[in-house]
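What follows is a set of notes on a single structure, which appears directly below.
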Amino acid sequence: MAHPDPEDAHWHGVDAGHAADGLTVPTALIGGWQDVNLDQTLRQYARLRRSGCETALLVGPWTHQSALQQGWPEVFTESLAWLRAHLCDDRSGLRPTPVRVHLGDREGRLDLPDWPPAHRSRPWYAAADGTLTTRPPADTDPPLTFRYDPADPTPSLGGPLVSGRARTDNRPLEARDDVLTFTTDPLPEPVTIAGAVDAVLRIGTDTGHADVFARLCDVDPRNRSTNVCDGLRRLHLPEGGPDTPATVTVAMSSTAHRFPAGHRIRLQISGGAHPRFARHTGTGEPAATTTRLAPVRISLHHPSALALPVVEQTMGA
């Protein structure tokens, strides 16, 4: 509790991630887009590849636990083929590329030579009328403001978990006054993304202390808004009030997903996701010792954008 910042040097001595740098044993990594350990799995893959270790990666539409429940036929087949190749010198069961990732739940998959694949970072801008558009809004458009109250923190709904319903309908969450949403028109053609997703936001607050939670959702023709990936960033902004914004990047978990034609892309912005992430008290004081809660007014200024890693449609299988 005395070192709440994960980047604090206090934690460097207990970080075992560097052990992957010297690993030479052929390694197959399996994860899920809704696995609470996804980010660590992808970092391990990158380190193993850099060190020259033979590495394979499979990522499905699973949580940590459901990989061995819903995903077990593919997981077992991949695992046994890898063991057969490296213990029995029989590589006949290996796929031709080291990386296989599923595109959401039912939109196929990508077989890739590496992760992440080549892509084009494409911005979608949040507009004052709640739309998400490829055209930057005017700088004169008014900011959008909401009030985050730590006494009634914005709840978490779905998202990367050990087990449980990770991908779910976000409409109850999006109906709250402390959640902003920005949505495209129905897509005229599919959009496929693969890689890291970021929200690059112009944020101001009245206290200088806040969390910003950003989430990417897929909205189907029935208006069901299903979460794809998300991330949270804790802010300590210079004093100046909500009308003096700073540019901050909220890194979401990497993903591979296809938005079908007729679906809409949605960006969701709020001040937290409790209890998945510990609520911000609004004070800037250490969470372990603070004795008070302070509501925060958070303003989203323009231009703020969702940056998506768009890949060519021909990559899908």
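Here our numbering is used: the first residue of the sequence shown is 181, the next is one more, and so on.
Every residue, glycine too, gets a C-beta built ideally from N, C-alpha and C.
Quantities reported herein were computed from a predicted structural model and do not represent experimental measurements.
Practice item. Apply the 10 Å Cβ neighbour rule to residue 479 and answer buried if 16 or more other Cβ atoms are within range, or exposed otherwise. Key: buried
**Study point:** Neighbour-count burial assignment, residue 371, 16 or more Cβ in a 10 Å radius
**Key:** buried
Check your understanding: Going straight from the alpha carbon of residue 222 to that of residue 278, what length do you get?
Key -> 13 Å
Review point. From 309, 427 and 446, pick the residue whose C-alpha is nearest to that of residue 366; which is it?
Key: 446
Exercise for review: Enumerate, from N- to C-terminal direction, the unbroken beta strand (DSSP E) stretches of 3 or more residues contained entirely within the stretch 424-485.
Suggested key: 426-431, 435-439 and 444-450
Review point. According to DSSP, which residues form a beta bridge with residue 371?
Key: In the DSSP assignment, the residues bridged to residue 371 are 439.
Exercise for review: Specify whether the stretch 427-442 and the stretch 280-287 touch according to this definition: at least 3 beta carbon pairs, one from each stretch, less than 8 Å apart.
Suggested key: yes
Exercise for review: Going by DSSP, name the residue or residues bridged to residue 412.
Suggested key: 393
Practice item. Say whether the stretch 442-456 touches the stretch 385-394, bearing in mind that this needs 3 or more beta-carbon pairs closer than 8 Å, one atom from each stretch. Key: A contact exists between the stretch 442-456 and the stretch 385-394.
Practice item. Go ahead and pull the three-state DSSP assignment for residue 246. Key: helix
Practice item. Output the distance between the C-alpha atoms of residue 237 and residue 217, rounded to the nearest integer angstrom. Key: 14 Å
Check your understanding: So the beta strand (DSSP E) residue 359 belongs to, where does it begin and stop?
Key -> Here the beta strand (DSSP E) through residue 359 covers 359-363.
Review point. If we count the other Cβ atoms within 10 Å of its Cβ and call it buried at 16 or more, is residue 369 buried or exposed?
Key: exposed
Check your understanding: Can you give, in chain order, each stretch of the alpha helix (DSSP H) that sits fully within the stretch 183-263 and has at least 4 residues?
Key -> 218-230
Practice item. Rounded to whole angstroms, what's the CA-CA distance from residue 360 to residue 411? Just pull it up for me. Key: 15 Å
Review point. From which residue to which residue does the beta strand (DSSP E) around residue 353 run?
Key: Residue 353 -> not in any beta strand (DSSP E); alpha helix (DSSP H) instead, spanning 351-354.
Review point. For residue 315, does the count of other Cβ atoms within 10 angstroms reach 16, so buried, or fall short, so exposed?
Key: exposed
**Study point:** beta strand (DSSP E) segment containing residue 304, residue limits
**Key:** 300-306
Review point. Are residue 383 and residue 425 close, meaning C-beta to C-beta below 7 Å?
Key: yes
**Study point:** Element boundaries [beta strand (DSSP E), containing residue 379]
**Key:** 378-385
Practice item. Could you say which of 288, 348 and 389 lies nearest to residue 462 if we only look at CA atoms? Key: Out of 288, 348 and 389, the CA that lies nearest to the CA of residue 462 is found in 389.
Review point. Should residue 427 be labelled buried (16 or more other beta-carbon atoms within 10 Å of its own) or exposed?
Key: exposed
Review point. Quick one, are the C-beta atoms of residue 301 and residue 431 less than 7 Å apart?
Key: no
Review point. From what residue to what residue does the beta strand (DSSP E) around residue 289 run?
Key: 289-292
**Study point:** Contacting residues, own chain, Cβ-Cβ under 8 Å from residue 352 (five flanking each side not counted)
**Key:** Excluding residues up to 5 positions away in sequence, 337 lie with their Cβ nearer than 8 Å to the Cβ of residue 352 in the same chain.
**Study point:** Cut-off 7 Å between Cβ atoms - residues of its own chain near residue 207, not counting five sequence neighbours on either side
**Key:** 228, 233 and 235
Point to revise | Identity of the residues DSSP links to residue 312 by a beta bridge | key: 306
Point to revise | Which of helix, strand or coil DSSP assigns to residue 346 | key: coil
Check your understanding: If we count the other Cβ atoms within 10 Å of its Cβ and call it buried at 16 or more, is residue 199 buried or exposed?
Key -> exposed
Check your understanding: When burial is assigned at 16 or more other CB atoms within 10 Å of the CB, is residue 476 buried or exposed?
Key -> buried
**Study point:** Residues of its chain near residue 191, where Cβ-Cβ distance is below 7 Å and the 5 sequence neighbours each way are ignored
**Key:** 183
Point to revise | Proximity below 7 Å, CB of residue 214 to CB of residue 376 | key: Taking 7 Å as the Cβ cut-off, residue 214 and residue 376 do not qualify as a contacting pair.
Check your understanding: Counting along the chain, where does the beta strand (DSSP E) carrying residue 281 start and finish?
Key -> 279-282
Review point. What span of residues does the beta strand (DSSP E) with residue 327 cover, start to end?
Key: 324-328
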